[in-house]
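Participant: Attaching a single structure in structure tokens format; questions to follow.
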């Protein structure tokens with residue numbers, strides 16, 4: 001399955017049999033078969049016919065509209081999963097403080113371990129940054145060791161924040177200096193690296209929402225991220241350990257100069273990736289998106305199983321059941 005990215009003004013999309021047809025100024029300019037599509041991402045002034053939306057919904061193909069200069073996502077979902085009992089169990093467990101804390105510890109530990117594994121792998125090949133990365137890894141190791149001792153959500157979030165501060169110091173060391181990355185900032189992002197991270201995290205979050213909806217879970221009812229109007233909190237939970245995948249991808253794009261500072265513009269609305277840069281970004285994104293969908297599917301399956309088990313017998317939620325394991329060992333809301 002694959003995704004289609006449409007980032008072109010004045011295009012109209014219609015359904016024609018089993019194909020998606022593109023029109024511009026009344027002229028047919030191209031077609032894409034529907035069969036291999038899993039997602040359609042739209043940006044710009046794109047018009048869709050109602051018959052096309054119906055066909056996409058019938059096939060479970062999600063539509064993500066990235067609107068405005070900030071690319072705020074709006075999602076049109078396919079038919080929902082039929083297992084309402086799964087969502088009822090999810091709602092009940094969201095009110096179980098013990099389950100939420102166990103689940104949240106697992107999420108935070110998985111996130112910290114994935115970040116540490118990434119930096120540990122880079123340290124071995126970055127002689128000039130080895131000392132700083134070693135110090136960063138020591139701080140992350142301290143945070144990881146303390147996860148299971150956190151007695152509350154508040155203290156766990158504080159620990160996660162300390163780990164994030166350490167991690168982004170190490171990440172900044174790896175990025176080209178001319179990007180002027182001095183740590184994570186958002187709403188709006190103020191430099192090219194943060195702009196790219198925000199775009200990648202937005203797409204990752206949209207994938208999580210669509211996958212959760214299709215699996216019969218409610219994206220809005222999370223266990224680590226609290227209820228918040230308009231926020232898909234469970235999707236926020238699940239993307240935490242996967243953010244590092246976006247970080248690695250951004251690092252590759254900048255180091256290979258497939259994206260450069262000149263591809264971005266800075267305004268009062270923040271730093272934004274231009275259209276030519278977006279075209280290159282989407283071309284590179286799809287390979288990562290396929291991996292992210294696989295990891296999300298595995299995590300969502302594990303979460304569904306953990307919900308079923310905990311709802312039935314009050315079982316604990318092991319770290320391996322909510323996030324993909326990392327291959328490297330560790331030494332010692334947020335778009």
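Numbering (the UniProt record's numbering), first residue to last: 1 to 335. Where a beta carbon is used, it is the ideal one built from N, C-alpha and C, also for glycine.
Identify, in the order they occur along the chain, each residue of the same chain with its Cβ nearer than 6 Å to the Cβ of residue 418, setting aside the five sequence neighbours on each side.
Facilitator: Because the chain in this structure spans residues 1 to 335, residue 418 falls outside the shown range and cannot be described.
Participant: Could you pull the start and end residues of the alpha helix (DSSP H) that residue 147 belongs to?
Facilitator: Here residue 147 belongs to no alpha helix (DSSP H), and DSSP marks it neither H nor E.
Participant: Look up residue 56 in the DSSP assignment and say whether it is helix, strand or coil.
Facilitator: helix
Participant: Using the beta-carbon count (16 or more within 10 Å), is residue 300 buried or exposed?
Facilitator: buried
Participant: Identify the residues that DSSP records as bridge partners of residue 7: which are they?
Facilitator: Residue 7 pairs with 43.
Participant: Could you tell me which residues DSSP pairs with residue 272 in its beta bridges?
Facilitator: 265
Participant: Express the C-alpha separation of residue 284 and residue 224 in angstroms, rounding to a whole number.
Facilitator: 31 Å
Participant: Could you spell out the range, first to last residue, of the beta strand (DSSP E) harbouring residue 20?
Facilitator: Segment 19-24, the beta strand (DSSP E) holding residue 20.
Participant: Is the beta carbon of residue 112 less than 8 Å from the beta carbon of residue 163?
Facilitator: yes
Participant: Please state the DSSP three-state secondary structure of residue 15.
Facilitator: DSSP places residue 15 in the strand class (E or B) of the three-state scheme.
Participant: Quick one: grab the DSSP three-state call for residue 300.
Facilitator: helix
Participant: To the nearest angstrom, report how far apart residue 130 and residue 114 are at their CA atoms.
Facilitator: 18 Å
Participant: Just to confirm, is the Cβ distance from residue 178 to residue 194 under 8 Å?
Facilitator: no
Participant: Are the segment 200-210 and the segment 259-275 touching, with three or more C-beta to C-beta distances below 8 Å?
Facilitator: no
Participant: Would residue 10 and residue 22 be called neighbours here (beta carbons separated by less than 8 Å)?
Facilitator: no
Participant: May I ask which residues mark the beginning and end of the alpha helix (DSSP H) holding residue 87?
Facilitator: 84-94
Participant: For residue 192, report the span of its alpha helix (DSSP H) as first-last.
Facilitator: 192-214
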